[in-house]
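2 protein chains.
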Amino acid sequence: MNEPREDADPDSPDGRGGAATVLPAGPPGSGRAGLDRRRILGAAIEFIDERGLNALTMRRLGAHLGVEAMALYRYVPGREQLLDGVVESVIDELYGDPEVHLAASHGWQDYLQRLAHGVRRIALAHPEVFPLVATRPPAAPWVRPPLRSLRWVESFLTALIDSGFTEEAAVAAYRSYSSFLLGHLLLEVSQKGVKISPEDRPEGVPEAVVSTDLTEYPTVVRLEALLSLDESAAEFEEALENLLGRLEVVLTEARTPRRGDPRN
Amino acid sequence: MNEPREDADPDSPDGRGGAATVLPAGPPGSGRAGLDRRRILGAAIEFIDERGLNALTMRRLGAHLGVEAMALYRYVPGREQLLDGVVESVIDELYGDPEVHLAASHGWQDYLQRLAHGVRRIALAHPEVFPLVATRPPAAPWVRPPLRSLRWVESFLTALIDSGFTEEAAVAAYRSYSSFLLGHLLLEVSQKGVKISPEDRPEGVPEAVVSTDLTEYPTVVRLEALLSLDESAAEFEEALENLLGRLEVVLTEARTPRRGDPRN
DNA sequence: ACCCATCGTTTACGACGTAAACGAGCGGGC
DNA sequence: GCCCGCTCGTTTACGTCGTAAACGATGGGT
Numbered sequence: 001m002n003e004p005r006e007d008a009d010p011d012s013p014d015g016r017g018g019a020a021t022v023l024p025a026g027p028p029g030s031g032r033a034g035l036d037r038r039r040i041l042g043a044a045i046e047f048i049d050e051r052g053l054n055a056l057t058m059r060r061l062g063a064h065l066g067v068e069a070m071a072l073y074r075y076v077p078g079r080e081q082l083l084d085g086v087v088e089s090v091i092d093e094l095y096g097d098p099e100v101h102l103a104a105s106h107g108w109q110d111y112l113q114r115l116a117h118g119v120r121r122i123a124l125a126h127p128e129v130f131p132l133v134a135t136r137p138p139a140a141p142w143v144r145p146p147l148r149s150l151r152w153v154e155s156f157l158t159a160l161i162d163s164g165f166t167e168e169a170a171v172a173a174y175r176s177y178s179s180f181l182l183g184h185l186l187l188e189v190s191q192k193g194v195k196i197s198p199e200d201r202p203e204g205v206p207e208a209v210v211s212t213d214l215t216e217y218p219t220v221v222r223l224e225a226l227l228s229l230d231e232s233a234a235e236f237e238e239a240l241e242n243l244l245g246r247l248e249v250v251l252t253e254a255r256t257p258r259r260g261d262p263r264n
Numbered sequence: 265m266n267e268p269r270e271d272a273d274p275d276s277p278d279g280r281g282g283a284a285t286v287l288p289a290g291p292p293g294s295g296r297a298g299l300d301r302r303r304i305l306g307a308a309i310e311f312i313d314e315r316g317l318n319a320l321t322m323r324r325l326g327a328h329l330g331v332e333a334m335a336l337y338r339y340v341p342g343r344e345q346l347l348d349g350v351v352e353s354v355i356d357e358l359y360g361d362p363e364v365h366l367a368a369s370h371g372w373q374d375y376l377q378r379l380a381h382g383v384r385r386i387a388l389a390h391p392e393v394f395p396l397v398a399t400r401p402p403a404a405p406w407v408r409p410p411l412r413s414l415r416w417v418e419s420f421l422t423a424l425i426d427s428g429f430t431e432e433a434a435v436a437a438y439r440s441y442s443s444f445l446l447g448h449l450l451l452e453v454s455q456k457g458v459k460i461s462p463e464d465r466p467e468g469v470p471e472a473v474v475s476t477d478l479t480e481y482p483t484v485v486r487l488e489a490l491l492s493l494d495e496s497a498a499e500f501e502e503a504l505e506n507l508l509g510r511l512e513v514v515l516t517e518a519r520t521p522r523r524g525d526p527r528n
């Protein structure tokens, strides 16, 4: 069960993580029972995962479910709301991830670690969906991507406050944490998932290198190998630990207020 | 370093920054001279800024320029490439920002500070465009958003290497820096720019509060004021300074390698 | 005077999101 | 047994989109 290879990424889609499955649903013409909202959202996620966001149209999603496009409108008000539902569903996978806890029963650091890896697992499982999670306008100003769920915001804040954070510190932590997850994961999925373009790669010409003139960018050329290296997992871990370290400082400083602190 | 007013945001659209202007071009039917690629891209940016990304269609952009949609195709291969051009143009505003330098002539920290604020200025000036900058698939795996320009990658790397960073450290810094900018700025524009929905707010009903049942989320309710507070500028500064601090540690540790360092 | 390159327009087509009208099927009251 | 009305998927239709292709108009070089 513990990973056989030394540098396997614990959050990669087939790593031992709990989330990342939506609904099997089988081949297009299989689960022939009735439609319903959950089935539609599951199919939409599946569809985006395999064909890309731009390929998702009401008609094609209908066809994927063995149904005409208009049938979907009985369960979903329209395409925009369908996408909102997709985002919500994907984030809700967190809720079914046994590695992620709703409360900080083993300390806030454990809580934040598990949550971060849970979100990362989701991002890696659905690289085509994550940009949607990142950029869809939030329902309220205090629900920030990528944790766009009141339940998780509530969970986050109570976990930290119960662990001794002041309300201000908990809110500040929520912001740094969101920003960290959003930046890191968006960068990570944008660099791997997408081969060359969102969806429309007609055919042939597998790597017609656009090849702008690189002679003006010698450093980029020289470091190309380094730049192409993918150390996302390690970077994620390091940045996360750094963030937790900073929070720890905030927390203990709040407990033992030192006089004459130069900042703030 | 010391700002004139105590809480004025130095990067806000009318703050003293050099970027943020594309091309005046006047009202829709004014600059009646010939079309060209630059004019089209400028108009597209302007259009997105004021009507939103979803409102940008070839036909409407044509009309905005006093021309039929098909006329645009003489200068731009298609809508996707138009959007790529928009992203490139917006990032190129950096190049015209006198506050941002291409080389680290006053030290790498000054360089990174200026660059970060330049990018932030752009993000705040074009909140509707920035998600595009953040999510468009990169041309090469080593051009990461939001600094999606070979010139700036080259500039970044040489600035750091010339300042004493090893190649590995410079590349690692590039990654952390990208991730930080991306996360923070995307969060910032997603929370402010967009009032309620991308574009289609038919009319009337200014704040028909959707109002899910908040009684299950008491902490969120209690902290709503705190959560809604916008301290983006200060947070940005703090996170940026923290990042610079981390980089400084990497840099000086590389200069004086200490024996038996437990990590790496 | 003519030609042809440049550049914007017109026309046309297939795909999209979705409103509206339309059945097929079926379970319950009489 | 009959029929009603509800649920749920289909059909048809409309306006808009991106864009291919054919078509003027215009104007400088010969």
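Protein sequences, first through last, are from chains E and B.
Here the first sequence is numbered in this note's numbering, starting from 1 and rising by one per residue.
Here the second sequence is numbered in this note's numbering, starting from 265 and rising by one per residue.
The beta-carbon is built from N, C-alpha and C at its ideal position, and this holds for glycine as well.
Quick caveat: nothing in here was measured; it's all calculated off a predicted structure.
Proximity below 8 Å, CB of residue i to CB of residue j
i, j, result
"proline 127(E)", "threonine 399(B)", "no"
"isoleucine 45(E)", "valine 129(E)", "yes"
"serine 142(E)", "serine 492(B)", "A small fix is needed here, since residue 142(E) is tryptophan in this sequence, not serine. Closer than 8 Å, so yes."
"leucine 251(E)", "glycine 164(E)", "yes"
"alanine 239(E)", "phenylalanine 156(E)", "no"
"proline 13(E)", "alanine 123(E)", "no"
"alanine 335(B)", "glycine 326(B)", "yes"
"glycine 66(E)", "valine 76(E)", "no"
Any chain E beta carbon closer than 8 Å to residue i
i, result
"phenylalanine 444(B)", "yes"
"arginine 302(B)", "no"
"tyrosine 375(B)", "no"
"glutamate 392(B)", "no"
"arginine 343(B)", "no"
"glutamate 488(B)", "yes"
"arginine 408(B)", "yes"
"arginine 439(B)", "yes"
"serine 492(B)", "yes"
"leucine 451(B)", "yes"
"proline 362(B)", "no"
Whole-angstrom C-beta distance between residue j and residue i, which should lie under 8 Å
i, j, result
"arginine 120(E)", "leucine 185(E)", "6 Å"
"serine 178(E)", "arginine 151(E)", "The pair is not a contact, with the Cβ atoms about 15 Å apart (cut-off 8 Å)."
"proline 274(B)", "histidine 370(B)", "That belief does not hold up - the Cβ atoms of proline 274(B) and histidine 370(B) are roughly 17 Å apart, past 8 Å."
"leucine 226(E)", "valine 435(B)", "5 Å"
"valine 417(B)", "valine 220(E)", "6 Å"
Min CB distance residue i to chain B below 8 Å
i, result
"alanine 169(E)", "no"
"valine 86(E)", "no"
"histidine 184(E)", "yes"
"serine 149(E)", "no"
"glutamate 237(E)", "no"
"serine 12(E)", "no"
"glutamine 191(E)", "yes"
"valine 133(E)", "no"
"glutamate 154(E)", "yes"
"isoleucine 161(E)", "yes"
"threonine 304(E)", "As displayed, chain E neither begins before 1 nor continues past 264, which places residue 304(E) out of reach and without an answer."
"threonine 158(E)", "yes"
"arginine 246(E)", "yes"
Nearest-angstrom Cα separation, counted from residue j out to residue i
i, j, result
"histidine 365(B)", "tryptophan 372(B)", "11 Å"
"valine 513(B)", "alanine 433(B)", "11 Å"
"threonine 321(B)", "leucine 478(B)", "39 Å"
"glutamate 224(E)", "leucine 446(B)", "22 Å"
"arginine 412(B)", "valine 397(B)", "8 Å"
"alanine 43(E)", "leucine 94(E)", "18 Å"
"leucine 510(B)", "aspartate 300(B)", "The question names leucine, but residue 510(B) is arginine in the sequence shown. Going from the Cα of arginine 510(B) to the Cα of aspartate 300(B) covers about 45 Å."
"alanine 104(E)", "leucine 160(E)", "8 Å"
"phenylalanine 500(B)", "threonine 520(B)", "30 Å"
"tyrosine 111(E)", "aspartate 97(E)", "13 Å"
"arginine 302(B)", "proline 410(B)", "21 Å"
"glutamate 241(E)", "serine 496(B)", "23 Å"
"arginine 222(E)", "alanine 173(E)", "39 Å"
"alanine 254(E)", "glutamate 167(E)", "11 Å"
"alanine 403(B)", "arginine 175(E)", "30 Å"
"arginine 74(E)", "arginine 59(E)", "14 Å"
"glutamine 113(E)", "glycine 52(E)", "30 Å"
Near the ligand COA: residue i beta-carbon under 7 Å from a heavy atom
i, result
"arginine 385(B)", "With respect to small molecules bound, the structure shown includes none, and the ligand COA cannot be examined in it."
- Query: Along the chain, which unbroken stretches of the alpha helix (DSSP H) at least 4 residues long are found entirely within the segment 70-123 of chain E?
  - Reply: 79-92
- Query: Which ranges would you report for the alpha helix (DSSP H) in the segment 121-156 of chain E if only whole runs of at least 4 residues count?
  - Reply: 130-135
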